[in-house]
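Asker:
Number of protein chains: 2
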Amino acid sequence: MKWDNIQEFPCSVARALSIVGDRWTLLILRDSFMGTKRFDKFQKQIGLSRHRLTDRLNKLVEHEILRKTPYQEKPVRYEYKLTRKGVELYPVLMTLAKWGDKWMDGGDGPPMEYLHTQCKHKMSVDICCSECGETINPKEVIPQFGPGLKAYSERVKALKS
Amino acid sequence: MKWDNIQEFPCSVARALSIVGDRWTLLILRDSFMGTKRFDKFQKQIGLSRHRLTDRLNKLVEHEILRKTPYQEKPVRYEYKLTRKGVELYPVLMTLAKWGDKWMDGGDGPPMEYLHTQCKHKMSVDICCSECGETINPKEVIPQFGPGLKAYSERVKALKS
DNA sequence: CTTTACAAGTTCTATTTTGGAACTTAGTAT
DNA sequence: ATACTAAGTTCCAAAATAGAACTTGTAAAG
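In the order they appear, the protein sequences are chains A and B.
Residue 140 in my numbering sits at position 140 of the first sequence, and the numbers go up by one each step.
Numbers given in my numbering equal positions in the second sequence, counted from 1, plus 161.
#1: Determine the DSSP secondary structure at B/Val-181, reduced to helix, strand or coil.
#2: Taking 8 Å as the CB-CB cut-off, is B/Phe-203 touching chain A?
#3: Closer than 8 Å, CB to CB, is B/Glu-223 near chain A or not?
#4: Could you give the DSSP three-state label for A/His-63: helix, strand or coil?
#5: Under 8 Å, Cβ to Cβ, is there at least one residue of chain B near A/Lys-68?
#6: What residues from chain A crowd round B/Ser-173, counting only those whose CB sits closer than 8 Å?
#7: Roughly how many angstroms separate the alpha carbons of B/Glu-240 and A/Lys-120, rounded to a whole number?
#8: With burial defined as no fewer than 16 other Cβ atoms inside 10 Å of the residue's Cβ, what is the status of B/Cys-289: buried or exposed?
#9: Just mark B/Val-308 as buried or exposed, buried being the case when its beta carbon has 16 or more other beta carbons within 10 Å.
#10: Can you name the residues of chain B whose CB is closer than 8 Å to the CB of A/Leu-159?
#11: Run through the DSSP bridge pairs and tell me what B/Asp-262 is partnered with.
#12: Taking its Cβ as the centre, do 16 or more other Cβ atoms sit within 10 Å of A/Trp-162, making it buried, or is it exposed?
#13: Have a look at the DSSP bridge pairing and note the partners of B/His-277.
#14: Assess contact between the segment 171–181 of chain B and the segment 88–106 of chain A, defined as three or more Cβ pairs (one per stretch) separated by less than 8 Å. Is contact present?
#15: What does A/His-121 reach in chain B if we use C-beta pairs closer than 9 Å?
#16: By a C-beta neighbour count over all protein chains shown, 10 Å radius and 16 as the cutoff for buried, is B/Met-162 buried or exposed?
#17: Considering A/Lys-150, what are the terminal residues of the alpha helix (DSSP H) in which it resides?
#18: Find the residues of chain B that neighbour A/Phe-145, judging by a C-beta separation of less than 8 Å, and give them in chain order.
#19: Hey, would you say A/Asp-31 sits closer than 8 Å to A/Ile-19, going by beta carbons?
#20: Would you say B/Leu-276 and A/Ile-136 are within 8 Å of each other, going by their C-beta atoms?
#21: Within the continuous beta strand (DSSP E) that includes B/Lys-242, where are the two ends?
#22: Helix, strand or coil for A/Lys-44? Go by DSSP, reduced to three states.
#23: Can the beta-carbon of B/Leu-209 be found less than 8 Å from the beta-carbon of B/Leu-254?
#24: According to DSSP, simplified to helix, strand and coil, what is B/Lys-198?
#25: Within 10 angstroms of the Cβ of A/Asp-22, are there 16 or more other Cβ atoms? Answer buried if so, exposed if not.
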């Protein structure tokens, strides 16, 4: 199984991971959410090679998760900012952060805390039901086949015949 | 920057990714949540090499995200089941799935849908504030340094002196 | 007017990681 | 005796990565 094939799986987790499921991409996005926009800043903060960073930023731009726009001419320099599609990865990062805070803090407490300006409390994120608003318990969720799977299997069948 | 060093960053996202931030691990966990427990099933469903699968399962067991228990003797065979720590990665997978559903469905609709047994609706997950329960808007959250960061920087200072 | 610095890459090579196929082990079924 | 199942392990070629050096365009400093 090659990495490129994962994107074509009839699974939204797999498809999402085909873009963000590597060592560095989510760390780049974490920095984006913290306000980082420029190549050198990403490189220093994350500590990956310039080579890889170029590659990952291009991939994110290509998938319209970041947008590359000039912030000066002479010489022309670009900055990378989150698009709407990128901003919507926020829940992924926050749920990862919550898990890391709980299970990987080494006894020191969380490296970062989050203040919710609406209620003025330090908070973490819970997941709740889009329909009834209640907090989600994994046991109370039943996965079932959706239209995307049917479309996929029909496409596979058509290819074979 | 080597992969192993990421684990020591004073950042919960980085620490979490040091375990689950690779091509395959979250797909293994996705299958775990769908009920898969055995080596061969994981291998066929995900399509990764047996070699890598062995490696990833061991890592997950080592980090107590999966537990390996015998399901038969003669010959002894093991199955892999989510621990509490593993189950708590559910929000990460569901937020990834939601993002994939929205941005990577190729126009076919979601491959999977989720029924919330409490309210009987097809649902997706939103993130909400652990304190006030309101849905989270990224702009309304202010990150600030926490105790884990202070402890980290003091440890670094002590090492240097 | 020569050197230094900065930002954003690109190129190169050695090392690491991965994919895929074949092999192993222990026991069951035919 | 032969095939089959489950859960790996071994091996090698191919792909991905890290890290350092190099490039390009411009401005500022000496």
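Just so you know, even glycine gets a beta-carbon here, dropped at the ideal spot from N, CA and C.
A quick note: this is a predicted structure, and the numbers were derived from the prediction, not measured.
Answerer: Reading off the structure:
#1: Per DSSP, reduced to three states, the secondary structure at B/Val-181 is helical.
#2: For B/Phe-203, the answer is no, since every Cβ of chain A falls outside 8 Å of its Cβ.
#3: For B/Glu-223, the answer is no, since every Cβ of chain A falls outside 8 Å of its Cβ.
#4: Annotated three-state conformation of A/His-63 is coil, per DSSP.
#5: For A/Lys-68, the answer is no, since every Cβ of chain B falls outside 8 Å of its Cβ.
#6: Simply Leu-96, Ala-97, Lys-98, Trp-99, Gly-100, Asp-101, Met-104, Asp-105, Pro-110, Pro-111, Met-112.
#7: Taking the straight line joining both Cα atoms gives about 45 Å.
#8: When all chains shown are included, B/Cys-289 counts as buried.
#9: Residue 308 of chain B is actually Pro in this sequence, not Val. So B/Pro-308 counts as exposed.
#10: Per Cβ cutoff of 8 Å: no residues; A/Leu-159 is ~15 Å from chain B at best.
#11: In DSSP, B/Asp-262 forms no bridge with anything.
#12: Given a span of 1 to 161 for chain A in the structure shown, any question on residue 162 of chain A remains unanswerable.
#13: Bridge partners of B/His-277: A/Val-141, B/His-282.
#14: Verdict: yes, contact present.
#15: Those within 9 Å of A/His-121 in chain B are Cys-290, Ser-291, Glu-292, Cys-293.
#16: Burial state of B/Met-162 is exposed, judged by a 10 Å Cβ sphere holding fewer than 16 other Cβ atoms.
#17: Counting along the chain, A/Lys-150 sits inside the alpha helix (DSSP H) bounded by residues 147–160.
#18: The answer, in chain order, is Pro-272, Met-273, Glu-274.
#19: Pairing A/Asp-31 with A/Ile-19 gives a Cβ-Cβ distance that is not under 8 Å.
#20: At the C-beta level, B/Leu-276 and A/Ile-136 stay beyond 8 Å of one another.
#21: That run of the beta strand (DSSP E) goes 238–243.
#22: A/Lys-44: helix per DSSP, three-state reduction.
#23: No, they are not a contact pair.
#24: Taken through DSSP and simplified to helix, strand or coil, B/Lys-198 comes out as coil.
#25: The residue in question, A/Asp-22, is buried, as its Cβ has 16 or more Cβ neighbours within 10 Å.
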